[in-house]
Amino acid sequence: MASSAPPPKLYTDDVSLIVIILDTNPFFWGTLSNTTASNFSFSKFLNHMIPFVNSLLLLNQLNHVVLIAAGVTSCGYIYDSATAVASDGGQKVPAVCSEILSRLEEFVAKDQKLGNGDLRTVGGVMSSLFSGALSLALCYIQRVFRSGMQHPQPRILCLQGSPDGPEQYVAVMNAIFSAQRSMVPIDSCVVGMQHSAFLQQASYITGGVYLKPQQLDGLFEYFTAVFATDLQSRSFLQLPRPVGVDFRASCFCHKKTIDMGYVCSVCLSIFCKPHKKCSTCGSEISHSQTEQLDRKRKLSEV
Amino acid sequence: MPQVRIVAKNFMDMVAALPAMKLDQLYDSSFICEAVLRSLPPLAKKYALQLLFIDTPVTAKSIEEWVLSDGISKHKVAIDRLLQLKVFIEVIDRKKEASYKLNSKFQSNMQRYLVHGGSLPREPMPSSVTVRLPTSEDLEAYALEQWECFLLQLISSAQAERPTSFSPSMMRVFQRGLLSARENEAPRLTENGFQFLLMETNAQLWYIIREYISTAEDRGVDPTDLISFLLELSFHTMGEAYNLNTLTDVQRSAIKDLADLGLVKLQQGRKESWFIPTKLATNLSVSLSDSSSRKQGFVVVETNFRMYAYSSSKLHCEILRLFSRVEYQLPNLIVGAITKESLYNAFENGITAEQIVSFLQQNAHPRVAEKTPSVPENVTDQIRLWETDRNRVEMIPSHLYEDFPSKDVFEAACDFARDAGGLLWEDSKKMRLIVRGDIHQHMRDFFRRQK
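Structure below.
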């Protein structure tokens, strides 16, 4: 008879901490709204996303949602449901909407200012600072873990559109592994044209869900059907499974995505060309073997 | 030992038990929809959310396809709950296939919530009218004091410093089941009463609120009104002032009772009067979550079975007296000892060792709460040992079989009972055996087959 022993925990195991990483890359959103037939713009995207944030908050009064924007040159916190409720009392939902919008506007303006001097912006669609946003999200989760007795179940949801930036490979992979270590699943929803290798790997390694919606107009349904599911319920539900994961890595020297490369035998750094000395750990690599390999390859090519 | 326990039945069970008409009325209010949605099991929440923007009925079969095979039982629980609360309406189509659609009121309310956001139950009063509102600490202290005062009056009306406005008949309703009043004898706490005292505040509150609602009809109040008001109350902001004039008559009479329980604080201004919801009220619909209601502990237990309780509350003293010998009582400290006699006393009153241990652990002083274990192991072990001392005899309902016609039949019967895991005792000389009661039916079938 244990009626007063831990009071019956009724359905409270679905309390979640959800960190949403939002791609605010103006280059991407600009091209998307111009090229696609559905004319899917950033504001339409927000029309799907804000009700989704609301529904996450609706599902459980202890749910905690944090929004992080990933811009071209910077990333920052946009919205935190824990502080927002405390500051403006009961008016929850309208406040959520207006706060997100105004903070986003601020962020985009700041991001643009920072990006002005940057030469990277010349030519084509630029990648967003995804690695930074992911690190921010993980830091936030760690802080919540350490601050209180309560342990909401954390997860990260990446809403990415712009293509991967191969130059962020190392940082992104490190973030993914630390997420794996702290058991934080990374869900990813790709709204862009092409699949994202980073996010495929992130979701695969951390046990999250990777999804590239076919119909962007039904984004909200995708959100509620897949990404609103708490971690507990995931073990009972049919969720999208990974079809194939692109495991290609970027080389450390030129930050190019490569199919085949050279790996330092000491620190496992990846290079696209053979080096005499590993640039990461500094260990000397004896060249007799690599030269032999090269010669063999040349022979076989001939 | 009888397995009686007070179940702090959840608010939503009470809501689900309402007749369909009343329930439909409740869904007019978006707060109630919100509270109902939040009370659902996670899977059910998800279903409701997923169907929110679908207007046509969805077949039961296709919903079932959402779950994996090991989730079927959870799925059934979720669907049952949704049907029970009339969130899902079952529609049988021409092919006699069941499909579900959301309750239309519920659906439109929740859709509005997601898109436009919820509105407040009522506007808080401007701070220009309500000068000097209590701080949240004051409010919490007030709520706690009010609640303890109520509890003290509940267990021994003589000790309460000031009587609450509950009528004696109301009080008797609350005491029903907790106190046994024999004639010409001071009322004694029953087993349930002891368990009630050791429960945490939210669970206690539930018990009382449930009694309060279930007796509403005797007072000429519609329970539906009360339930909707209480749910609404939990959506008010703690510490804000709300005008009493915005309440209906039923609500106004209820709020006085709620003030006695410490759910709200009533204040009077020059012209108007208002109520301020406390943490107890805002936690009402949340009462399922225990984490938010953590109070600071006060008990330190030493390895020598001494117990120091840093508290000035009479209620705490009364509770500790239930299972320990109180030795000194200083203004802010109660010193007691956990002895075999005091524990036997407690066990006789129907308190279990587990309850005592969990009470000590839950109320551990912050200084010792940091340590693991917060209560010394030798003490918890001893408490459990003393309890098992009393339970040396175990009772199992069973059946005795005798007068077997032959040794073979007897042995076959023994083997059968052993295989079924129900053989308790056998005496092969006199050919008698005792078998657990629950397999008696199988035994009978077995004998019949033998013939």
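Residue numbers (the UniProt record's numbering), protein chains in the order written: chain W, 1 to 302; chain U, 1 to 451.
We put the beta carbon where it would ideally sit given N, CA and C, even for glycine.
Cβ distance (whole Å) where residue i is taken to contact residue j below 8 Å
| i | j | result |
| --- | --- | --- |
| residue 324 of chain U | residue 342 of chain U | 5 Å |
| residue 242 of chain U | residue 206 of chain U | With 8 Å as the limit, residue 242 of chain U and residue 206 of chain U do not qualify as a contact, their Cβ atoms being about 23 Å apart. |
| residue 234 of chain U | residue 284 of chain U | 4 Å |
| residue 153 of chain W | residue 230 of chain W | 7 Å |
| residue 40 of chain W | residue 216 of chain W | 5 Å |
| residue 232 of chain U | residue 58 of chain W | With 8 Å as the limit, residue 232 of chain U and residue 58 of chain W do not qualify as a contact, their Cβ atoms being about 17 Å apart. |
| residue 307 of chain U | residue 338 of chain U | 6 Å |
| residue 21 of chain W | residue 68 of chain W | 5 Å |
CB contact check: residue i to chain W, cutoff 8 Å
| i | result |
| --- | --- |
| residue 289 of chain U | Reliability fails at residue 289 of chain U, whose pLDDT of 43 lies under 50, so the model's placement of it is uncertain and the value that follows must be treated cautiously. So, interface residue. |
| residue 34 of chain U | yes |
| residue 50 of chain U | yes |
| residue 193 of chain U | no |
| residue 87 of chain U | no |
| residue 474 of chain U | Residue 474 of chain U is absent from the structure shown; chain U starts at 1 and stops at 451. |
| residue 368 of chain U | no |
| residue 269 of chain U | no |
| residue 45 of chain U | yes |
| residue 392 of chain U | no |
| residue 132 of chain U | no |
| residue 70 of chain U | yes |
| residue 115 of chain U | yes |
| residue 38 of chain U | yes |
Of the listed residues the options, nearest to residue i (C-alpha basis)
| i | options | result |
| --- | --- | --- |
| residue 436 of chain U | U/400, U/58, U/219, U/413 | U/400 |
| residue 79 of chain W | W/19, W/249, W/196, W/111 | W/19 |
| residue 101 of chain U | U/229, U/199, U/82, U/247 | U/82 |
| residue 427 of chain U | U/338, U/445, U/404, U/16 | U/404 |
| residue 448 of chain U | U/331, U/237, U/413 | U/413 |
| residue 538 of chain U | U/359, U/253, U/334 | Here chain U covers residues 1 to 451 and nothing more, so residue 538 of chain U does not appear. |
| residue 396 of chain U | U/425, U/79, U/252 | U/425 |
| residue 247 of chain W | W/70, W/14, W/196 | W/196 |
| residue 47 of chain W | W/219, W/179, W/232, W/130 | W/219 |
| residue 214 of chain W | W/223, W/208, W/206 | W/223 |
| residue 314 of chain U | U/281, U/217, U/387, U/147 | U/147 |
| residue 279 of chain U | U/270, U/268, U/264, U/269 | U/264 |
| residue 63 of chain W | W/22, W/44, W/155, W/159 | W/155 |
| residue 226 of chain W | W/258, W/252, W/189 | W/189 |
Cβ of residue i within 8 Å of any chain U Cβ
| i | result |
| --- | --- |
| residue 14 of chain W | yes |
| residue 225 of chain W | yes |
| residue 153 of chain W | no |
| residue 123 of chain W | Summary for residue 123 of chain W: the model assigns pLDDT 48, below 50, so the residue's position carries little reliability; its value from the coordinates is reported in the next sentence. So, not an interface residue. |
| residue 145 of chain W | no |
| residue 215 of chain W | no |
| residue 28 of chain W | no |
| residue 271 of chain W | no |
| residue 51 of chain W | yes |
| residue 229 of chain W | yes |
| residue 182 of chain W | no |
| residue 233 of chain W | yes |
| residue 18 of chain W | no |
| residue 81 of chain W | no |
| residue 90 of chain W | Residue confidence is low: residue 90 of chain W scores 45 on pLDDT, short of 50, so the model does not pin down where it sits. Its coordinate-derived value is still stated next. Chain U contact via Cβ: present. |
| residue 61 of chain W | yes |
Reduced DSSP secondary structure (H/G/I, E/B, other) of residue i
| i | result |
| --- | --- |
| residue 260 of chain W | coil |
| residue 27 of chain U | coil |
| residue 296 of chain U | coil |
| residue 132 of chain W | helix |
| residue 291 of chain U | Reliability of the predicted coordinates at residue 291 of chain U is poor, the pLDDT of 40 falling under 50, and no value is obtained from them. |
| residue 414 of chain U | helix |
| residue 399 of chain U | strand |
| residue 221 of chain U | coil |
| residue 274 of chain U | strand |
| residue 329 of chain U | strand |
| residue 100 of chain W | helix |
| residue 317 of chain U | helix |
| residue 238 of chain W | coil |
| residue 123 of chain U | coil |
Beta-bridge partners of residue i, as assigned by DSSP
| i | result |
| --- | --- |
| residue 21 of chain W | W/68, W/158 |
| residue 59 of chain U | U/99 |
| residue 306 of chain U | U/337 |
| residue 233 of chain W | Bridge partners of residue 233 of chain W: none, in fact. |
| residue 249 of chain W | W/258 |
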